[in-house]
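For reference, the structure is listed below as structure tokens.
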Amino acid sequence: MVEEQGVADLLEFPCRFQIKAMGRQIDGFEERVRTIVLRHLNGELLLDLTTRESSESRYVSVSCTIEAQSRQQLDAIYMDLNSEQDVLMTL
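So the sequence shown is numbered by our numbering: it starts at -1 and just counts up by one.
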């Protein structure tokens, strides 16, 4: 019987990985997401950061591309992002 694997189990670390956080369009949202992600990089670089507003500019998504070192690192980033009250969803 083949075991089901999560996406993170299929990744080979280190690898380039994009994290996306979405929230309401408020001042400082991009910086909060950036700060949370940087907290977990342990000296690695944030390779790219882009933002995109929704069609009516009520919401914004922030995409951060990092060089992920482990599944534990990714889990910790997602846990911190999801605990931020202004983050509505992560991908």
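Even glycine gets a Cβ: it sits at the ideal position worked out from N, Cα and C.
As assigned by DSSP and simplified to three states, the class of residue i
i, result
"Leu45", "strand"
"Leu36", "helix"
"Met(-1)", "Legend: pLDDT at Met(-1) = 44, less than 50; position of this residue unreliable, no value from coordinates given."
"Glu90", "In this structure the chain extends from -1 to 89, so residue 90 is not present and cannot be described."
"Glu54", "coil"
Residue i: first and last residue of the uninterrupted beta strand (DSSP E) it sits in
i, result
"Arg14", "13 to 22"
"Val9", "Looking at the sequence itself, residue 9 is Leu, so the reference to Val does not match. Premise fails: Leu9 is in no beta strand (DSSP E) and is neither H nor E."
"Leu106", "Since the first residue of the chain shown is -1 and the last is 89, residue 106 is not available in this structure."
Element boundaries [alpha helix (DSSP H), containing residue i]
i, result
"Ser59", "Per DSSP, Ser59 belongs to no alpha helix (DSSP H); it is in the beta strand (DSSP E), 57 to 66."
"Asp25", "Asp25 -> no alpha helix (DSSP H), and no H or E assigned at all."
"Ser81", "69 to 81"
Residue-level contact to chain D via CB, residue i, 7 Å cutoff
i, result
"Thr49", "Looking at the structure shown, chain D is missing, and only one protein chain is on hand."
Test item: CB-CB of residue i and residue j under 7 Å
i, j, result
"Asp84", "Phe27", "yes"
Assumed close pair residue i, residue j - CB separation to whole angstroms, cut-off 8 Å
i, j, result
"Arg22", "Arg56", "7 Å"
"Ile34", "Leu79", "6 Å"
"Glu65", "Leu45", "6 Å"
> Counting pairs of Cβ atoms below 8 Å between the stretch 12 to 30 and the stretch 46 to 64, do you hit three or more?
Replying inline: Segments in contact, yes.
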